[in-house]
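Worksheet for the structure shown next.
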Amino acid sequence: MAERPAGHRLAGGVHDAPGQVDPARRLGPAQIDVLAQLAVATVLLGGIYALIAVGLTLIFGIMRVVNFAHGEFLMLGMYLAFWAFALYAVDP
391 MAERPAGHRL AGGVHDAPGQ VDPARRLGPA QIDVLAQLAV ATVLLGGIYA
441 LIAVGLTLIF GIMRVVNFAH GEFLMLGMYL AFWAFALYAV DP
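Numbered by our numbering, the letters in the sequence shown go through residues 391 to 482 in order.
Put into structure tokens, the structure is as follows:
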């Protein structure tokens, strides 16, 4: 992405100061920590989706029946995780 020239006109007629870095382009330690946490959370959520898909696939592949109770067990696990987080401050 190309840099804006110094003194370039921004939206609303506001001018940025010459030689000043746009705050949106600056990444500090806080933003990098958030990015790392987001990456880990994304991988974990993808793993949960993969486990759900593998469970459904195994049940349908072996029994040739769609197990609608699979979703109920998933919701039971989520509900228990929610209460563990709420009561005991356990991080899911």
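From the three backbone atoms N, C-alpha and C, an ideal C-beta is built for every residue, glycine too.
Everything numeric in this text was worked out from a predicted model, so none of it was measured.
Distance from the CA atom of residue 438 to the CA atom of residue 477, rounded to whole angstroms, is 23 Å. Distance from the CA atom of residue 426 to the CA atom of residue 440, rounded to whole angstroms, is 21 Å. Non-local C-beta neighbours of residue 464 in its own chain, meaning closer than 8 Å and more than five positions away in sequence, comprise 442, ordered along the chain. Rounded to whole angstroms, the separation of the alpha carbons of residue 480 and residue 449 is 31 Å.
Its chain contains 449 as the residues whose beta carbon lies nearer than 6 Å to that of residue 457, once the 5 sequence neighbours on both sides are disregarded; these appear in chain order. Judged by DSSP in its simplified three-state form, residue 424 adopts helix. Looking at the backbone, the Cα of residue 433 and that of residue 469 are separated by about 21 Å. The criterion of a C-beta distance shorter than 8 Å is not satisfied by residue 460 and residue 436. Residue 452 and residue 466 have their alpha carbons spaced roughly 24 Å apart.
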